[in-house]
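Quick notes on the structure that follows.
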């Protein structure tokens, strides 16, 4: 074989392609978040490939295999099976707790590393050895918002609404538990769905209870229209929530009603307060001509965390990578990735945001 061909052959053999699966809603009411997540991941992979990462002396090229789970548990399981069938060994996602819980079984049985921002505590209670939560959980989010409502807002009466998703129910459960410990009165408990658009019946019922605030466990696709309808029905209450409504999408869908009316709890480092966060936000906006939403930074960090663990483990074997992640630590854009025995983050700051000029604005960190 000619020397040039031999060298080319060796170079081809020496380069490994590592596929990173992606699962989030790219269609449906939550698609803005799914696209945000995907683009954060793609930005990281582009940077990693430009650096020329080596694992165990072998050059590694990363490739994203993006799938749309539509925030639907059944479709999420189908996505998981599709990625497993394609021999993908790593996945960043799902975004939704209700998808992550059933899909996690498929990923576990396929021996894949799964990194989700799903916040329901049940996810890590599954005990899968290669499953990691790279965001905060409902206990931290719901509790933080309840403490802020009681101590800072000085409110007394709260109505709660959940969207019947695993995320929404878990968030409301934790909020209610802490609210009661803080001496708040839960004057109404209602529910809707994550597909609903008309909230008139439940808001009419809530209006009669005259709460100081309405805590909503759900996402912007419902939270924004709910606020708009609260205003039109004369519900004199603030809208509180978790990270699912902590985005410009809430303000847009509320018809401009979010300023001074919405407060939400969100995990992670405040991007605008740290050099790494500002740099990420600037790179993201330059690449996509829009600001990042809630979890783009976490999905970006997910790819970087994987690459870091592979380099430290000297292997792309998912078992060895998971072992390294479990015992190691990585400083990312959205915070420190160091895990408990359950594979929850050991520490994650929670910040409370209000809205100003349609944009989430940090009020305090807890």
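In full-length UniProt numbering, the protein residues as written are 1 to 366. The beta-carbon is built from N, C-alpha and C at its ideal position, and this holds for glycine as well. Predicted model, so just to flag it, every value in this text is computed and none were measured.
Leaving out five residues on either side along the sequence, give the residues of the same chain with a beta carbon under 8 Å from the beta carbon of residue 283. Against the chain shown, residue 283 aligns to sequence position 283. Same-chain partners within the cutoff: 43.
Identify which residue in 286, 330, 295 and 234 has its Cα closest to the Cα of residue 307. Taking the first residue of the chain shown as position 1, residue 307 is located at position 307. With distances taken between Cα atoms, residue 307 lies closest to 330.
Using 10 angstroms around the beta-carbon of residue 5, count the other beta-carbons present and answer buried if the total reaches 16, otherwise exposed. As a working mapping, residue 5 is identified with position 5 in the chain shown. Low per-residue confidence applies at residue 5: pLDDT is 45, beneath 50, and the placement is therefore not dependable enough to give any value.
Going straight from the alpha carbon of residue 320 to that of residue 58, what length do you get? The residue given as residue 320 occupies position 320 in the chain shown. The residue given as residue 58 occupies position 58 in the chain shown. Taking the straight line from one Cα to the other gives about 16 Å.
Only counting the same chain, and skipping five residues up and downstream in sequence, which positions put a Cβ closer than 7 Å to that of residue 104? Translated into the one-based positions of the chain shown, residue 104 becomes position 104. 114, 123, 126, 128 and 131, listed in sequence order.
Please work out which residues of its chain come closer than 7 Å, Cβ to Cβ, to residue 52, disregarding the five sequence neighbours upstream and downstream, and give them in chain order. Within the chain shown, the letter at position 52 stands for residue 52. Counting only Cβ-Cβ distances below 7 Å, and skipping sequence neighbours, we find 59.
Quick check: the Cα distance between residue 248 and residue 32, rounded to an integer number of angstroms? Along the chain shown, read from residue 1 onward, the residue named residue 248 stands at position 248. Along the chain shown, read from residue 1 onward, the residue named residue 32 stands at position 32. Cα-Cα distance, rounded: 10 Å.
For the stretch 178-192 and the stretch 260-269, state whether three or more C-beta atom pairs, one from each stretch, are separated by less than 8 Å. Judged by Cβ distances under 8 Å, the stretch 178-192 makes no contact with the stretch 260-269, as fewer than three pairs qualify.
Going by alpha carbons, who is nearest to residue 206 out of 197, 196, 229 and 100? For the purposes of this step, residue 206 is identified with residue 206 of the chain shown, where counting begins at 1. When each option's Cα is compared against that of residue 206, the closest is 229.
Put residue 278 into one of helix, strand or coil per three-state DSSP. As a position in the chain shown, residue 278 is number 278, starting the count at 1. Residue 278: helix per DSSP, three-state reduction.
For residue 248, three-class secondary structure by DSSP: For the purposes of this step, residue 248 is taken as residue 248 along the chain shown, with counting starting at 1. Residue 248: helix per DSSP, three-state reduction.
Kindly indicate the opening and closing residues of the alpha helix (DSSP H) around residue 107. Counted from its first residue, the chain shown places residue 107 at position 107. Per DSSP, residue 107 belongs to the alpha helix (DSSP H) from 97-109.
Compare the C-beta of residue 349 against all C-beta atoms of chain B and say whether one is closer than 8 Å. Of the protein chains in the structure, only one exists, and it is not chain B.
Rounding to the nearest angstrom, what Cα-Cα distance links residue 189 and residue 121 in this structure? For this step, residue 189 is matched to residue 189 along the chain shown. For this step, residue 121 is matched to residue 121 along the chain shown. Their backbone Cα atoms lie some 21 Å apart in a straight line.
Same chain, Cβ closer than 8 Å to residue 305, neighbours up to 5 away in sequence not counted: As a first step, residue 305 must be located in the chain shown, where it is residue number 305. The answer, listed in chain order, is 115, 134, 325, 330, 332 and 337.
Identify the residues that DSSP records as bridge partners of residue 68: which are they? The residue you call residue 68 lines up with position 68 of the chain shown. According to DSSP, residue 68 bridges with 24.
Count the other C-beta atoms from every protein chain shown that fall within 10 angstroms of the C-beta of residue 217, then say buried if there are 16 or more, exposed otherwise. Indexing the chain shown from 1 puts residue 217 at position 217. Buried, by the Cβ-count rule.
Per DSSP, what kind of secondary structure is residue 220 in: helix, strand or coil? Position 220 of the chain shown holds residue 220. Helix, per DSSP.
In whole angstroms, what is the alpha-carbon distance linking residue 34 and residue 226? As a first step, residue 34 must be located in the chain shown, where it is residue number 34. As a first step, residue 226 must be located in the chain shown, where it is residue number 226. Distance between the alpha carbons of residue 34 and residue 226 is about 21 Å.
Straight-line Cα distance separating residue 208 from residue 417: Lying outside 1 to 366, the shown extent of the chain, residue 417 is not represented and no answer is given.
Let me check you understand the geometry: is the CB of residue 157 closer than 7 Å to at least one non-hydrogen atom of the ligand NAP? Among the components of this structure there are no ligands whatsoever, and the ligand NAP is therefore not found.
What is the C-beta distance between residue 55 and residue 311, in whole angstroms, given that I count them as a contact (C-beta under 8 Å)? Position 55 of the chain shown, counting from 1, holds the residue named residue 55. Position 311 of the chain shown, counting from 1, holds the residue named residue 311. 6 Å between Cβ atoms; contact.
Under 8 Å between the Cβ atoms of residue 109 and residue 139? Taking the chain shown and counting its residues from 1, the one referred to as residue 109 is at position 109. Taking the chain shown and counting its residues from 1, the one referred to as residue 139 is at position 139. No.
With DSSP run on the structure shown, which of helix, strand or coil describes residue 351? Indexing the chain shown from 1 puts residue 351 at position 351. In this structure, residue 351 counts as strand in the three-state DSSP scheme.
Going straight from the alpha carbon of residue 273 to that of residue 93, what length do you get? What you label residue 273 is simply residue 273 of the chain shown in a count that begins at 1. What you label residue 93 is simply residue 93 of the chain shown in a count that begins at 1. Going by the C-alpha atoms only, they are around 26 Å apart.
Going by C-alpha distance, which of 15, 30 and 64 is nearest residue 302? For the purposes of this step, residue 302 is taken as residue 302 along the chain shown, with counting starting at 1. When only C-alpha atoms are compared, the closest one is 64.
Nearest-angstrom Cα separation, counted from residue 83 out to residue 186: Counting from 1 along the chain shown, the entry for residue 186 is found at position 186. Counting from 1 along the chain shown, the entry for residue 83 is found at position 83. When rounded, the distance between both Cα atoms is 43 Å.
Assigned secondary structure, residue 241 (DSSP; H/G/I helix, E/B strand, else coil): Here residue 241 refers to the residue found at position 241 of the chain shown. Here residue 241 sits in strand by DSSP.
Straight-line CA distance for residue 69 to residue 38? In the chain shown, the residue the question calls residue 69 occupies position 69. In the chain shown, the residue the question calls residue 38 occupies position 38. Their backbone Cα atoms lie some 12 Å apart in a straight line.
DSSP three-state label for residue 172, please. Residue 172 sits at position 172 when you count from the first residue of the chain shown. DSSP places residue 172 in helix when its eight states are reduced to three.
Quick one: complete alpha helix (DSSP H) runs, 4+ long, within the stretch 271-332? 275-288, 296-313 and 318-327
Give the range of the alpha helix (DSSP H) segment to which residue 75 is assigned. The residue given as residue 75 occupies position 75 in the chain shown. Run containing residue 75: 73-85, per the alpha helix (DSSP H) assignment.
Do residue 245 and residue 220 count as a contact pair if the criterion is CB distance below 8 Å? Here the question's residue 220 lines up with position 220 in the chain shown. Here the question's residue 245 lines up with position 245 in the chain shown. Result yes, Cβ atoms of residue 220 and residue 245 sit closer than 8 Å.
Quick one: using the 10 Å Cβ neighbour count with 16 as the cut-off for buried, is residue 67 buried or exposed? Translated into positions along the chain shown, residue 67 becomes position 67. It counts as buried.
DSSP-derived helix/strand/coil call for residue 233: As a first step, residue 233 must be located in the chain shown, where it is residue number 233. Three-state DSSP puts residue 233 in coil, outside helix and strand.
In whole angstroms, give me the CA-to-CA distance for residue 237 and residue 167. By one-based count along the chain shown, residue 237 stands at place 237. By one-based count along the chain shown, residue 167 stands at place 167. So the alpha carbons of these two residues sit roughly 23 Å apart.
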